[in-house]
Every structure is written in structure tokens, then in C-alpha cells.
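Just below is one structure, and these are the notes that go with it.
Residue numbers (full-length UniProt numbering): 1 to 83.
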């Protein structure tokens, strides 16, 4: 059996992609949060800050990630998509 036989997807992954006219778009996990930002740095800072907040919520015993999260392929915490 491979050491990487079961990689769990990150249920708190954010997607970061360039928008039109130099803006950047951030989409949170399951579209729970996001926005359009004037710079890549501002978009990354938002994603980092929101991820920390979501991780704090995930520590609570009553939190369970979405049921379909286990069926999605593994992904990094922040995905950068080319336009």
C-alpha cells in the first residue's frame, strides 16, 4: 500500500484567480465567503485571514465539514487559477 494512498481533501480550501482589469477574485470553500480585490496581495491576505477564522470554527466540537467534501480531489489551501 502506498504511503499516500488516502489523501484527504482540504475542506477549507480557497480559490484565487485573476479577474478583469487587474482585479483578483477569491472564492471560499463551498462559496461561504469571497470577494473581488484590487491586488493579489489583498486577495491573499483575505484568504489567509478567513482561513484562520474557519480553522477556529472547525475546532469546535459541533462543526462538521460538508458531506461532499470527501468526494472532491485533494487540493492545496489556496488554489491559484490562471485566467
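Even glycine gets a Cβ: it sits at the ideal position worked out from N, Cα and C. These numbers were taken from a predicted model, which means no experiment stands behind them.
**Prompt:** Can residue 40 and residue 14 be called in contact, C-beta distance under 8 Å?
**Reply:** no
**Prompt:** Residues in its own chain within less than 8 Å of residue 37 by CB, not counting five upstream and five downstream?
**Reply:** 23, 24, 25, 26, 43, 46
**Prompt:** What does a CB cutoff of less than 7 Å around residue 19 pick up in its chain, not counting 5 residues either side in sequence?
**Reply:** 25, 36
**Prompt:** Since residue 27 is in the beta strand (DSSP E), which residue starts that stretch and which ends it?
**Reply:** 24-27
**Prompt:** When DSSP labels each residue in this structure, what does residue 49 get in the three-state scheme?
**Reply:** helix
**Request:** State the DSSP-derived secondary structure class of residue 59, mapped to helix, strand or coil.
**Result:** coil
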